[in-house]
Amino acid sequence: MLSDSAILSVNKITKSFGDTCIFKDISFELNEGEVLSVLGQSGVGKTTLLRVIANLTLPCTGSVSIPEVNKDKIGFVFQNYFIFPWLCVRQNVEFGQAEKNSEDVDRILADVGLLEYRDSPTNNLSGGQLQRLAVARSMILKPKLLLMDEPFSDLDVHNKSKLYELVRGLVTNHKMSFIIVTHDVSESVKISDRIVVLSGIPASVGNTFVVRDFARNELENEIIKLLNKSHDSQPDK
Amino acid sequence: MKKINKYTFLPFIIAVGIWQLAYSFEWIPNTLLPSPIGVGNVIVYFVAHKEFWQDVFITLSRVTLAYFFSSICGFLVGLLAGYYKSFNNIYTPLNNFIRYVPVASLIPMLIIVAGTGLSEKILVIFIGTFFQISILIRDDISSVEEGYIDTAKMLGIRKNLKIILRVIIPYRLPYILDILKVGFGWAWSYVLVAEIVGSSNGGLGFKLLQFQRFLKIKEICAYVILIGILGVVFDFAFSVLNKHLFKWRLMHAQ
């Protein structure tokens with residue numbers, strides 16, 4: 005069941021590949037206009053968790069509850085962006101839309117700072133610009149929720165701060181919610197309202213932190229401690 | 415497409431040089447190995463006479479017709495096998511078997527079944543290229559990262575047919591054209607084999623067989639060289655076509 009303010013609820017989901025259980029009993033809720041980060045070591049199934057939420061793969065047990073009106077309002081920015089190289093910037097944003105509304109496209113491109121590249125081929129874009137194009141492409145769906153997979157991994161300091169501004173702008177102006185999976189502790193502390201830390205084998209929710217309740221350094225240390233504990237408890241490979 | 419540079423012609427110059435030495439010092443008797451200049455004169459003669467071009471036209475018509483069917487079928491089957499694992503599981507074992515049966519070994523049976531006319535040549539080229547092309551296209555299609563398909567699904571394209579038409583084909587088409595270029599080289603070889611073995615009505619391979627019967631070594635050498643040159647021209651045409659149709663791909667590779 006969803007609480008009143010929640011736009012998504014993950015209920016005890018478990019996912020296995022063959023005999024290997026990746027994560028188990030993961031539960032959390034996401035509120036409207038909230039930025040939630042899911043932190044965890046590599047290999048704990050963070051991307052798979054996002055794919056389950058996006059209905060690109062099914063969980064073994066558990067469920068994801070999303071109100072009917074928001075079912076088609078989920079955007080996904082993949083780690084490698086997967087921009088279609090045979091299309092120009094505008095065509096990438098329009099992709100899949102039955103009705104092409106050039107005003108919408110221009111507004112979205114302006115939102116992400118890519119309007120001047122509207123008709124450019126995508127190979128001219130830098131890593132940060134490609135990521136913003138991937139965000140723009142999701143925005144055409146007018147999403148209530150945007151899922152982002154490791155958005156900081158390929159960005160330099162300048163582009164990280166641009167991404168931070170973009171996410172905060174979309175939260176403020178469009179009341180959008182975000183789920184960001186990452187292993188970058190300090191960036192997730194900077195950008196999020198709430199942080200879910202996955203730990204253990206198979207991974208489960210180790211702890212949830214409300215960012216505003218902590219001083220930044222204190223929270224970072226707390227999370228790193230939790231992740232290290234989880235890392236130390238892993239059997240040697 | 416690579417540009418022509420100062421080294422492009424070097425191996426050819428060296429090969430002709432060795433050939434000239436072999437002729438001058440009679441490493442191979444002159445009755446069996448004609449001089450490069452003699453062969454060059456015959457090449458010029460052939461190029462200036464329409465008989466050679468008629469042979470080119472006949473062979474090219476055969477290979478184009480057969481390869482058209484083969485590449486369409488190879489493309490469709492490769493596409494299905496690359497996209498649908500279940501189809502791949504059925505198709506690949508059969509393909510693995512047939513790919514290792516030399517086409518030449520099937521020619522006697524094809525002549526019995528289809529005679530020595532056009533059908534036999536089409537079958538030789540089809541069998542020789544279809545199984546190779548389809549498996550290469552399968553590999554190419556299956557290399558498409560899942561993220562592109564997931565992206566399309568997220569953007570509302572959820573039906574497999576639409577994903578194939580709007581993502582898989584546009585993305586892989588330039589690479590598939592490369593595969594078809596390689597396949598055309600095989601088709602070009604097989605048409606000559608088919609013409610040499612079973613033709614009675616013209617074409618480059620048939621003409622080679624006639625030259626052999628009358629021991630016209632110079633003419634054989636000239637035809638072999640001209641066949642090679644034609645191959646290079648086709649290869650170049652495929653590359654130019656690819657470059658102009660899919661400019662994004664060159665930029666994507668940068």
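As you go down the protein sequences, you meet chains A and B in turn. The opening position of the first sequence corresponds to residue 5 in the working numbering, with each subsequent residue numbered one higher. The opening position of the second sequence corresponds to residue 415 in the working numbering, with each subsequent residue numbered one higher. Just so it is clear, CB atoms sit at the ideal spot from N, CA and C, and this is done for glycine as well.
Taking only the alpha-carbon atoms, compute the straight-line gap between residue i and residue j and give it to the nearest angstrom.
i	j	result
B/M415	B/K657	Bear in mind that the predicted position of B/M415 carries a pLDDT of just 49, short of 50, making it unreliable; the figure below should be weighed with that in mind. Cα to Cα, B/M415 sits roughly 7 Å from B/K657.
B/S500	B/I578	16 Å
B/G599	B/F544	13 Å
B/G488	B/S475	19 Å
B/P522	B/I610	13 Å
A/G204	A/L34	23 Å
B/L508	B/P516	15 Å
A/F182	A/N127	27 Å
B/T478	B/I442	38 Å
A/L170	A/D115	8 Å
A/S106	B/G642	52 Å
A/S208	A/D153	18 Å
B/R572	A/G100	10 Å
B/I634	B/I536	24 Å
A/K19	A/V68	13 Å
A/S142	A/N225	34 Å
B/A528	A/A102	50 Å
B/A636	B/G561	52 Å
B/L606	A/L113	56 Å
A/F32	A/N15	7 Å
B/Y604	B/P588	25 Å
B/R580	B/I590	15 Å
A/K179	A/R172	10 Å
B/Y498	B/E559	14 Å
B/M568	A/N74	13 Å
A/V139	A/V81	6 Å
A/D160	A/S130	11 Å
A/Y168	A/T65	34 Å
A/S13	A/T186	20 Å
Spell out the partners DSSP gives residue i in its beta bridges.
i	result
B/R663	Paired residue(s): none; B/R663 is not in a bridge.
A/N35	A/A10
B/V538	Note: B/V538 sits in no beta bridge, so no partner.
A/G212	The identity of residue 212 of chain A in the sequence shown is Thr, whereas the question assumes Gly. In the DSSP output, where bridge partners are listed per residue, A/T212 has A/V200.
A/V42	A/V185, A/V200
A/C25	A/S20
A/N15	A/S67
A/I30	A/I17
A/D115	According to DSSP, A/D115 bridges with nothing at all.
A/V81	A/M152
A/P125	A/C92
Excluding five sequence neighbours on each side, which residues of the same chain lie with their C-beta closer than 6 Å to the C-beta of residue i?
i	result
B/G496	R552, I555, S556
B/L472	Checking the sequence shown, residue 472 of chain B turns out to be Ile, not Leu. Only G616, G617 meet the Cβ criterion.
B/Q668	Residue confidence is low: B/Q668 scores 44 on pLDDT, short of 50, so the model does not pin down where it sits. No coordinate-derived value is stated.
B/I549	N509
For a contact meaning CB atoms closer than 9 Å, what does residue i contact in chain A?
i	result
B/G561	F82, Q83, N84, Y85, F86
B/I571	F99, G100
If the cut is a Cβ gap below 8 Å, which residues of chain A does residue i touch?
i	result
B/A566	F99, G100
B/Y585	F88, P89, W90
Taking all protein chains shown into account, decide if residue i is buried (16 or more other Cβ within 10 angstroms of its Cβ) or exposed.
i	result
A/T61	exposed
B/D469	buried
B/F426	exposed
B/L575	exposed
A/Q135	buried
A/P71	exposed
B/V647	exposed
A/K241	Since pLDDT at A/K241 reaches only 43, below the 50 mark, its modelled position is unreliable, and no value is offered.
B/V461	exposed
A/W90	buried
A/F104	Reading the sequence as shown, one finds Lys at residue 104 of chain A and not Phe. Per the 10 Å Cβ criterion, exposed.
A/I144	buried
With a CB to CB cut of under 7 Å and the five nearest residues on each side skipped, what residues in its chain are close to residue i?
i	result
A/K166	G132
A/K164	F156, E191
A/V215	V193, S196, D197, R198, I199, L223
B/V596	none
Which same chain residues, not among the five before or five after residue i, have their C-beta less than 8 Å away from its C-beta?
i	result
B/I504	none
B/N444	Y437
B/I547	S484, S485, G488, F489, G492, I593, L594, G597
A/I26	K19, S20, V48, G49, T52, P206, A207
Show which residues of chain B have a CB atom less than 9 Å away from the CB atom of residue i.
i	result
A/A58	D564, K567, M568
A/R220	Within chain B, no residue comes near A/R220; the closest Cβ sits about 33 Å away, beyond 9 Å.
Would you mind telling me which residues of chain B sit closer than 8 Å to residue i, beta carbon to beta carbon, in chain order?
i	result
A/G79	M568
A/R136	What A/R136 touches in chain B: nothing, since even the nearest Cβ is about 15 Å away.
Interface residues of chain B around residue i at Cβ under 7 Å?
i	result
A/R111	Here the premise fails: no neighbours, minimum Cβ distance about 18 Å.
A/R94	Those do not exist, as A/R94 stays about 14 Å from chain B at its closest Cβ, beyond 7 Å.
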